[in-house]
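One structure is given below, encoded as structure tokens.
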Amino acid sequence: MTRHGTRTSHRSLSEYFANDTQFYECDIATITTRVNTETLTYSAPMLQHYEDDNQWLVHSNCQLQQSWPTLLQQHQQNAQIISDAYLASDAKHHLFNAHSNNNNHNHNNLTSYIQSYTSNYERCMLSSITLLSHLLNISASNATHITPLLSTITNDVSFNPYAPWSNAMCAQQPQFTLWRNYTTIDMFDAFIIPRRHQLMREYAQTLREYEQHGGRVIDAPYEYHEHPSFRLANFYCNGMDIPLPNHTFFSLIEMGEKYASIQPHASDDDELAMEYAPKWQCTNFFYSIPMYLRFKTEIEALIQRNANAKKLVIHSAHDSSIVAFLSGMAMYHGSFPYFAQFLTLEIYGTGSNDRFLFRFTHRGEFVPFPLGNCSVEYAVLDTQLCDLNELWTHVFGRVHNATQRTWANESCATLLDDCVCGYCARSSEESGRVQSVVQPYSFFIGMCVGVLLCGMTYVVVSYIRRWLNAN
3 MTRHGTRTSH
13 RSLSEYFAND
23 TQFYECDIAT
33 ITTRVNTETL
43 TYSAPMLQHY
53 EDDNQWLVHS
63 NCQLQQSWPT
73 LLQQHQQNAQ
83 IISDAYLASD
93 AKHHLFNAHS
103 NNNNHNHNNL
113 TSYIQSYTSN
123 YERCMLSSIT
133 LLSHLLNISA
143 SNATHITPLL
153 STITNDVSFN
163 PYAPWSNAMC
173 AQQPQFTLWR
183 NYTTIDMFDA
193 FIIPRRHQLM
203 REYAQTLREY
213 EQHGGRVIDA
223 PYEYHEHPSF
233 RLANFYCNGM
243 DIPLPNHTFF
253 SLIEMGEKYA
263 SIQPHASDDD
273 ELAMEYAPKW
283 QCTNFFYSIP
293 MYLRFKTEIE
303 ALIQRNANAK
313 KLVIHSAHDS
323 SIVAFLSGMA
333 MYHGSFPYFA
343 QFLTLEIYGT
353 GSNDRFLFRF
363 THRGEFVPFP
373 LGNCSVEYAV
383 LDTQLCDLNE
393 LWTHVFGRVH
403 NATQRTWANE
413 SCATLLDDCV
423 CGYCARSSEE
433 SGRVQSVVQP
443 YSFFIGMCVG
453 VLLCGMTYVV
463 VSYIRRWLNA
473 N
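Residue 364 in this note's numbering sits at position 362 of the sequence shown, and the numbers go up by one each step.
So this is what it looks like as structure tokens:
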């Protein structure tokens, strides 16, 4: 699974520095379109350009959160890493020999080995196109040969397995909305926000320098991405000149990495962290079920030796997808995913029909699976491999073979009745308090209406008193 490559922000730099006039200037953006002729129907990538200063992003010709040119280099590099590690030869420790197939222009054979899944966003689509094109060596193919059709499985943007917390059908379930509010407020108010305040005290001088240079802090207590210590890295990576001294900027970036990485770890010597770590894992496991199902389906096809089983499966997704995927297995250690970062799940045969082994790598490094008995296998056998049954027992075996629609209609509908992750139905008074925290405008509107009614009552009563006194 890989995060998409570099993209534009959903904000302009002027929102952080009011007097700054720098803007995004884009020269790539892709969509997939259908081309129809009398004799042929096929799909093709289309380049699209946006009008200057007619976009949501101020003074820009870029679409909101669209791909940035660096994405191409990032995923070409990723494709090369994958090719070198898994596709370089006919040896048993490689999946297949991509170089031999490419040299012989046997692209159809290669595409039968590969399955791509893509979140339905332009930046994820282009990431997939770049990866697959480089793996299949399409750009270097002889012009006289037929170029294979790149294909991917995707989703409705409101029905995204890589961002299931935004599933439109779940959002229609009252219990899902309340459960999400309960889990978010509990985790942030009790654990994350107090540690953010501590972090800001540690970096108080940096924040003062930031504001002295015209910087503005955007307050979004229940979000990860809005604080300038995190967001400015996005602008910097997209080639903008940040109007700060170097020492202030890099201190702010250092703070941002810590800010976005606050989460409870069961291994911490902290009672509150040990209390909230299981809740963090549980909520992320629930959110990750649609993602886990895609992995489970492909692995089942492999171990059952299905004729259509794929040797290489690529998921083009988001930073939050990687965080949730790893957190649901207690494997996320807090370092927020950067652009084009990827993790791998490797499945190994043993020569036995019913025994398989697995290994995770993240950022190119082995990551131990912390659940079950894998730690014993790692230590006793001095290996990075573990029995696939452990992964099945603690993760994929717990995922039912249900569509996203079934998951949204059934599981999202009864979260509080089922007390998922320890969050159960509460009194209407408590429910109202939770909703008012997440949606504060309701409180202010109610307060204003109350003040208005009181004022009107006072005027009416005063008028009646004056009339009675006059008569």
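All C-beta atoms, glycine included, are put in the ideal place defined by N, C-alpha and C. The structure displayed is predicted, hence computed values, not measured ones.
Are the beta-carbon atoms belonging to Ser136 and Ala81 less than 8 Å from one another? Within the sequence shown, residue 136 is the residue found at index 134, counting from 1. Within the sequence shown, residue 81 is the residue found at index 79, counting from 1. For the sequence presented, residue 136 should be read as His rather than Ser. Contact: yes.
Contact between the region 237-247 and the region 166-175: three or more CB pairs below 8 Å? No, because fewer than three Cβ pairs between the region 237-247 and the region 166-175 fall closer than 8 Å, the two stretches do not touch.
Exposed or buried, which one is His229 when buried takes at least 16 other CB atoms within 10 Å? Residue 229 sits at position 227 when you count from the first residue of the sequence shown. Answer is buried; the Cβ neighbour count reaches 16.
Counting only the same chain and skipping the five closest in sequence on each side, list residues whose C-beta sits under 8 Å from that of Ala90. Stepping through the sequence shown from its first residue, residue 90 is reached at position 88. Apart from sequence neighbours up to five positions away, the residues of its chain that approach Ala90 with a beta-carbon distance below 8 Å are His96, Asn99, Ala100 and His101, ordered along the chain.
Where Tyr2 falls, given that 16 or more other Cβ within 10 Å makes a residue buried: Only positions 3 to 473 of the chain appear in this structure, which leaves residue 2 out of reach.
C-alpha distance - Ile187 paired with Asn310, whole-angstrom precision: Looking up residue 187 in the sequence shown gives position 185. Looking up residue 310 in the sequence shown gives position 308. Approximately 45 Å between the Cα atoms of the pair.
Closest Cα partner of Gln65 within the set Gln76, Arg125, Ser121 and Ser118: Taking the sequence shown and counting its residues from 1, the one referred to as residue 65 is at position 63. The shortest C-alpha separation from Gln65 is found at Arg125.
How about Leu134 and Ser118: are their beta carbons less than 8 Å apart? For this step, residue 134 is matched to residue 132 along the sequence shown. For this step, residue 118 is matched to residue 116 along the sequence shown. Contact flag set, yes.
Rounded to whole angstroms, what is the Cα-Cα separation between Gln214 and Tyr26? The residue you call residue 214 lines up with position 212 of the sequence shown. The residue you call residue 26 lines up with position 24 of the sequence shown. The alpha-carbon atoms of Gln214 and Tyr26 are separated by roughly 25 Å.
Can you tell which of Arg357, Ala303 and Arg296 has its C-alpha closest to the C-alpha of Glu327? Position 325 of the sequence shown, counting from 1, holds the residue named residue 327. Before going further, note that residue 327 is Phe rather than Glu in the sequence given. The option with the nearest alpha carbon to Phe327 is Arg296.
Evaluate Val159 with the Cβ neighbour count: other Cβ atoms within 10 Å of its Cβ, from every protein chain shown; 16 or more gives buried, anything less gives exposed. One-based indexing of the sequence shown puts residue 159 at position 157. It counts as exposed.
Select from Arg5, Tyr18 and Thr8 the residue whose C-alpha is nearest the C-alpha of Asp221. Looking up residue 221 in the sequence shown gives position 219. The residue with the shortest Cα to Cα distance from Asp221 is Tyr18.
Is the region 298-307 close to the region 323-340, with three or more CB pairs under 8 Å? no
Would DSSP call Leu347 helix, strand or coil? Here residue 347 is taken as the residue at index 345 of the sequence shown, counted from 1. Here Leu347 sits in strand by DSSP.
Residues in the same chain with beta-carbon distance under 7 Å from Asp321, minus the five sequence neighbours each way, listed in chain order, please. Stepping through the sequence shown from its first residue, residue 321 is reached at position 319. Leaving aside the five residues that flank Asp321 on each side, the residues in its chain whose CB is nearer than 7 Å to its CB run, in chain order, Arg5, Phe338 and Pro339.
Should Ser168 be labelled buried (16 or more other beta-carbon atoms within 10 Å of its own) or exposed? Here residue 168 is taken as the residue at index 166 of the sequence shown, counted from 1. So Ser168 counts as exposed.
Residues bridged to Arg361 by DSSP? Translated into the one-based positions of the sequence shown, residue 361 becomes position 359. Answer is Glu348, bridged to Arg361.
Between which two residues does the alpha helix (DSSP H) containing Thr285 stretch? What you label residue 285 is simply residue 283 of the sequence shown in a count that begins at 1. Start and end: Glu273 to Ile305.
Asn144 by DSSP, collapsed to three states: which one? What you label residue 144 is simply residue 142 of the sequence shown in a count that begins at 1. Its pLDDT being 43, under 50, Asn144 is placed unreliably by the model, and the measurement read from it follows with that caveat. If DSSP states are grouped into helix, strand and coil, Asn144 belongs with coil.
Pairwise C-alpha distance: Val219 and Arg210: Here the question's residue 210 lines up with position 208 in the sequence shown. Here the question's residue 219 lines up with position 217 in the sequence shown. Their Cα atoms are separated by approximately 11 Å.
With distances taken Cα to Cα, identify the nearest neighbour of Gly366 among Pro372, Leu347 and Ser377. Along the sequence shown, one-based indexing puts residue 366 at 364. It is Leu347 whose Cα lies nearest to the Cα of Gly366.
Measure the Cβ-Cβ separation of Leu112 and Gly7 and say whether it is below 8 Å. Along the sequence shown, read from residue 1 onward, the residue named residue 112 stands at position 110. Along the sequence shown, read from residue 1 onward, the residue named residue 7 stands at position 5. No, the Cβ-Cβ distance between Leu112 and Gly7 is not below 8 Å.
Applying the 10 Å Cβ sphere with the 16-neighbour rule, what's the burial state of Pro292? Position 290 of the sequence shown, counting from 1, holds the residue named residue 292. Pro292 should be labelled buried.
So for Tyr119, helix, strand or coil by DSSP? The residue you call residue 119 lines up with position 117 of the sequence shown. The answer is strand: DSSP assigns Tyr119 an E or B state.
Straight-line gap, Ala268 to Phe232 (C-alpha atoms, nearest Å): Counting from one through the sequence shown, the residue named residue 268 turns up at place 266. Counting from one through the sequence shown, the residue named residue 232 turns up at place 230. Using only the alpha carbons, I get a separation of about 25 Å.
Cβ neighbours of Phe287 in the same chain (closer than 6 Å, five flanking residues each side left out): Counting from 1 along the sequence shown, the entry for residue 287 is found at position 285. Here the set comprises Gly330.
Taking Cβ positions only, does Trp70 come closer than 8 Å to chain D? Considering every chain present, this structure includes no chain D. It has just one protein chain.
Do you know offhand how far Ser14's Cα is from Asp389's? Here residue 14 is taken as the residue at index 12 of the sequence shown, counted from 1. Here residue 389 is taken as the residue at index 387 of the sequence shown, counted from 1. The straight-line gap from Cα to Cα measures roughly 48 Å.
Between the C-alpha atoms of Met257 and Thr179, what's the straight-line distance to the nearest angstrom? Taking the sequence shown and counting its residues from 1, one reaches residue 257 at position 255. Taking the sequence shown and counting its residues from 1, one reaches residue 179 at position 177. Distance between the alpha carbons of Met257 and Thr179 is about 32 Å.
Count the other CB atoms, across all protein chains shown, that sit within 10 Å of the CB of Cys414; report buried if there are 16 or more and exposed otherwise. Taking the first residue of the sequence shown as position 1, residue 414 is located at position 412. Buried, by the Cβ-count rule.
Looking at the unbroken alpha helix (DSSP H) that takes in Ala87, where does it start and where does it end? Numbered from its first residue, the sequence shown carries residue 87 at position 85. For Ala87, the enclosing alpha helix (DSSP H) stretches over residues Thr72 to Tyr88.
For Phe338, the three-state DSSP class (helix, strand or coil): In the sequence shown, the residue the question calls residue 338 occupies position 336. Phe338: coil per DSSP, three-state reduction.
Would you call the CB atoms of Thr524 and Thr120 closer than 8 Å? Nothing about residue 524 can be reported from this structure: the residues present for the chain run from 3 to 473 only.
Please go through the same chain and pick out, in chain order, the residues whose beta-carbon is closer than 7 Å to the beta-carbon of Tyr212, but skip the five residues on each side of it. Along the sequence shown, read from residue 1 onward, the residue named residue 212 stands at position 210. The answer, listed in chain order, is Pro230, Leu246, Thr250 and Leu254.
Near Asn411, what residues of its chain come up, given a Cβ to Cβ distance below 7 Å and the 5 sequence neighbours on each side ignored? Position 409 of the sequence shown, counted from the first residue, corresponds to residue 411. Around Asn411: Met171.
Within 10 angstroms of its Cβ, does Gly217 collect 16 or more other Cβ (buried), or is it exposed? Indexing the sequence shown from 1 puts residue 217 at position 215. Looking at its Cβ environment, which holds 16 or more other Cβ atoms inside 10 Å, Gly217 is buried.
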